[in-house]
Amino acid sequence: MNQRRLALALGGGGVRGLAHIGIVKVLVDAGIRIDYLAGTSFGGIVAIALASGKSIEEMEAEAVRFSHIREMMKLIDLTGHQRGLLHGEKVRKFLSSWLGEDLTFEELKIPVVLNAVDLVTGKEIILCSGPVMPALFGTICVPGVFSPVFLNGHWLVDGGVLNNVPVGQARLFNPDVVIGVDVQLNPALAPHWKSSESKPHLPLSVPTPEFFLDFYRSMMIMISAQTQHQLEISPPDLLILPPIDNDITMFTGFSKIAETIAAGEQAALAVLSKIQEIVGK
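Below, the structure is given as structure tokens:
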């Protein structure tokens, strides 16, 4: 029996997005073909890496490398600007060197669509043609962390602001089956940092401002509510929710990268028979 055409919609969630690697690993090992990819924020990074030809082993090895704080700090470039904590040039250079500075969507081995949000119009922007790097940085441009990215007349920020699990974008390919993956932390399940014994810190060389932690939590509450709304409007054929520890957040938890990837594997294995059923494998 020929496998039905499968699209994955990989959601945003920062470090938690590494669970996508574990999910893809299970699908590949089971011989399930991934025909299309849609990605938001960190899910966009995984989607582009996979579509560019990176193997699961390469992706996992690169992720584990950043579990060492010294490697993580190499990507930190604080800025004195008022529009973001980080300049982002080091992140751009890393992604460009790893995936290819001149890579285009047309060269990808698997069709990919990314999404971002225009900060001026408030509209969702679809990114699926031309150079990959500016589009990729647009979808991962977390407000308050990076300055907005100007691309094709739009000031872009993270696609998760409006649509953190891009099921609707995955359906643009007209696949037979769409599997969504939601890795975002549910703020209702995570205690506020003021109720914790110690305040969380971002991997920065300076103390994390308390206002940023409040801003971050507020953003997670909004994204969580918006994600549920979008999933009701455009539900996937199957939604995977990896059991990622609540102490692993968008920006913290690099010491638990292996556990995060394993959570993705665990979640995919739990529904593997269902996946095989709906794709006809």
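The working numbering applies: residue 58 is where the sequence shown begins, and numbers increase by one.
Glycine included, each C-beta is placed from N, C-alpha and C at the ideal position.
Mapping the DSSP letters down to three states, classify residue i as helix, strand or coil.
i	result
A87	coil
T317	helix
E163	helix
I290	helix
P326	Note on identity: in this sequence residue 326 is Leu, with Pro being the wrong assignment. L326: helix per DSSP, three-state reduction.
F268	helix
I305	coil
I335	helix
G201	strand
F123	coil
Which residue's Cα is closest to the Cα of residue i: the options?
i	options	result
R62	Q285, N231, R274	N231
R122	S98, A320, A315, K331	A315
F99	N303, Y93, T161, N172	N172
G74	K331, P299, V202, K180	P299
I182	R149, T161, V218, D159	V218
G321	L84, G225, F162	L84
V206	G69, L184, F268	L184
G68	K82, Q60, A104	A104
Is the shortest distance between the beta-carbon of residue i and the beta-carbons of chain D less than 8 Å?
i	result
G69	Absent from the structure: chain D. Only one protein chain is present.
Could you spell out where the alpha helix (DSSP H) holding residue i opens and where it closes?
i	result
F194	189-196
A227	224-227
Over the uninterrupted beta strand (DSSP E) stretch that includes residue i, give me the two end residues.
i	result
E146	Where E146 is concerned, there is no enclosing beta strand (DSSP E), although the alpha helix (DSSP H) it sits in stretches over 146-156.
G237	234-238
N172	169-175
L246	Taken as a continuous stretch (DSSP letters only), L246 belongs to no beta strand (DSSP E), as it is neither H nor E.
V218	Note, V218: premise wrong, no beta strand (DSSP E); not H, not E.
F15	The structure shown does not extend to residue 15, since the chain spans only 58 to 338, so no value can be given for it.
L295	295-297
Is the distance from the Cβ of residue i to the Cβ of residue j below 8 Å?
i	j	result
L208	G195	yes
W64	A95	As written in the sequence, residue 64 is Ala, which differs from the Trp given in the question. It is a contact, given that the beta carbons lie within the stated cut-off.
I280	I78	no
V222	A325	no
I278	I167	no
N229	V170	In the sequence as presented, Asn is not what sits at residue 229; that position holds Leu. Contact: yes.
T97	N220	yes
I332	I89	yes
A87	L270	no
I80	V238	yes
Which ranges does the beta strand (DSSP E) cover as unbroken runs of at least 3 residues, wholly within the region 60-121, from first to last along the chain? 63-67, 93-96
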